[in-house]
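S.K.:
2 protein chains.
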Amino acid sequence: MLKMSKLTDYGTLVLAQLAKESKLSSAHKVARATHLGQPTVSKLLKTLAHAGLVISERGAQGGYTLARPAIEISAAEIIDALEGPVAITECSSIKGHCDLQSNCQVATAWQKINFGIRRALSEVSLVDLQTPVELLATPNLKAYLASPTNLKGQQ
Amino acid sequence: MLKMSKLTDYGTLVLAQLAKESKLSSAHKVARATHLGQPTVSKLLKTLAHAGLVISERGAQGGYTLARPAIEISAAEIIDALEGPVAITECSSIKGHCDLQSNCQVATAWQKINFGIRRALSEVSLVDLQTPVELLATPNLKAYLASPTNLKGQQ
DNA sequence: TTCATATAGTACCATTTTAGTTCTATTTAA
DNA sequence: TTAAATAGAACTAAAATGGTACTATATGAA
Ligand code: SF4
Ligand code: SF4
Chain A
1 MLKMSKLTDY GTLVLAQLAK ESKLSSAHKV ARATHLGQPT VSKLLKTLAH
51 AGLVISERGA QGGYTLARPA IEISAAEIID ALEGPVAITE CSSIKGHCDL
101 QSNCQVATAW QKINFGIRRA LSEVSLVDLQ TPVELLATPN LKAYLASPTN
151 LKGQQ
Chain B
156 MLKMSKLTDY GTLVLAQLAK ESKLSSAHKV ARATHLGQPT VSKLLKTLAH
206 AGLVISERGA QGGYTLARPA IEISAAEIID ALEGPVAITE CSSIKGHCDL
256 QSNCQVATAW QKINFGIRRA LSEVSLVDLQ TPVELLATPN LKAYLASPTN
306 LKGQQ
């Protein structure tokens, strides 16, 4: 599986929709365009606003807009905002703790693989997400495995 | 998060342990070496046997051994066996279905990203995963700070 | 002023997923 | 015959997830 949560996925949809608008767009409007539920879109936009990826304007005629140009928002940042830092294993996150680590043969390798994936995702922008052309060269995870550096908590 | 399940993670530990043994190893023995619970290890080995990654021998003096050399077992296969094919979004999996897909701007991009990750994981072998514990050094903060992929504001 | 529109923040809940255990049946070496 | 071991299924508690609901607050316009 290695799946991201549905809400994170939907968050990218919401952001991609905002990227298509030049001015403020309400949650209701975004919901209609994306075919998502309005309460769900609201919840996502609140979280994204809190993370600083979108800017909100309250009151009548209020709404949301991207805080930065779409080219400057990465997939990794979106995931960070909506479900926390990429961490394929517990010990790949700086907050994570695993009792087995002192005895674990595979921890370092997974941490490096995690870094490779994280880095690849940081090089994908919101523009790339909504423009499905050639993108994302295959991450060379072997190169990361060869590195002597322990990259736990690289976020 | 983008995390794999704990059981999949543990599965790599179990396989790494088997790779260190030349002959049959019982679930109990693997559990002792990995510090995992014996019933959990048994469950994992049953699944791995079903997937064809390990071979089992029943009866007294029975146990498990890798079905192939460790170099020929990939991380992607291990994930496939224990939690199904890598699928970061619902629509990235052949079996998956998402009602939004006909209207979704980001589906194609995520599918390609999924393919890139999957492919990268298929190039990592069980041998690559087996990193000596001694390499678990203090986090190298200098390397982190010097990294061109320095990511802002994460915990 | 008053009101409709809109976000902010929190709490809640049903469902699903996950991690782990338990139990019975079967196989095999000694 | 028996102890050691896997096979397979069912079960359960806990956690995560997806979605909803509710109150409070802000703002533009009639
Ligand atoms: S230490 Fe080993 S078992 Fe624990 S989270 Fe890391 S990789 Fe998984
Ligand atoms: S179609 Fe869009 S919303 Fe549905 S799973 Fe794929 S990326 Fe996610």
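Those sequence lines, one after another, are chains A and B.
The opening residue of the first sequence carries number 1 in the numbering used here; numbering runs sequentially from there.
The opening residue of the second sequence carries number 156 in the numbering used here; numbering runs sequentially from there.
Backbone N, C-alpha and C fix where the C-beta goes; we use that ideal spot for every residue, glycine too.
1) Does DSSP put A:V54 in a helix, a strand or coil?
2) Under 8 angstroms between the Cβ atoms of B:E232 and B:L199?
3) Given the structure, does A:W110 come close to ligand 2, in the sense that its CB is under 7 angstroms from one of the ligand's heavy atoms?
4) Kindly examine ligand 2 and report whether one of its heavy atoms sits closer than 7 angstroms to the Cβ of A:Q38.
5) Comparing the CB of A:V106 with every heavy atom of ligand 1, is any distance shorter than 7 angstroms?
6) Among residues of its own chain, excluding the 5 on either side of B:T167, which ones have a beta-carbon nearer than 7 angstroms to its beta-carbon?
7) Any heavy atom of ligand 1 closer than 7 angstroms to the Cβ of B:D164?
8) Chain A partners of B:A242, CB-CB under 9 angstroms?
9) Give me the Cα-Cα distance between B:S211 and B:S177, rounded to the nearest whole angstrom.
10) Look up B:E289 in the DSSP assignment and say whether it is helix, strand or coil.
11) Could you give the DSSP three-state label for A:G84: helix, strand or coil?
12) Any heavy atom of ligand 2 inside 7 angstroms of the beta-carbon of B:E245?
13) Quick check: the Cα distance between A:C104 and A:C91, rounded to an integer number of angstroms?
14) Is B:E238 close to chain A? Criterion is C-beta to C-beta, closer than 8 angstroms.
15) If I follow the unbroken beta strand (DSSP E) through A:T89, where does it start and stop?
16) Looking only at C-alpha atoms, which of A:A60, A:V86, A:V127 and A:L2 sits nearest to A:A70?
17) Between the C-alpha atoms of B:L157 and B:G217, what's the straight-line distance to the nearest angstrom?
18) From A:H97 to A:G59, what distance separates their C-alpha atoms?
19) Grouping DSSP H, G and I as helix and E and B as strand, with all else coil, what is B:G218?
20) Note down the Cα distance separating B:S160 from B:V169, rounded to an integer number of angstroms.
21) Tell me which residues of the region 34–68 of chain A have at least one Cβ-Cβ distance to chain B shorter than 8 angstroms, keeping chain order.
22) Counting contacts by CB-CB distance shorter than 8 angstroms, is B:A275 in contact with chain A?
23) Taking Cβ to Cβ, would you say A:Q101 is nearer than 8 angstroms to A:A107?
24) Could you compute how far the alpha carbon of A:S25 sits from the alpha carbon of A:T65?
25) Do you know how far the Cα of B:L203 is from the Cα of A:L36?
26) Within the same chain, show all residues whose beta-carbon is closer than 8 angstroms to that of B:S280, passing over the 5 residues directly before and after it, in chain order.
M.R.: Quick look at the numbers:
1) strand
2) no
3) no
4) no
5) yes
6) I233 and L284
7) yes
8) M1, L2 and K3
9) 14 angstroms
10) Low per-residue confidence applies at B:E289: pLDDT is 39, beneath 50, and the placement is therefore not dependable, though the value from the model is reported in the following sentence. If DSSP states are grouped into helix, strand and coil, B:E289 belongs with the helices.
11) coil
12) yes
13) 10 angstroms
14) yes
15) Note, A:T89: premise wrong, no beta strand (DSSP E); not H, not E.
16) A:V127
17) 37 angstroms
18) 43 angstroms
19) strand
20) 14 angstroms
21) T34, H35, L36 and G52
22) yes
23) yes
24) 6 angstroms
25) 39 angstroms
26) A225, I226, E227, I228, S229 and A230
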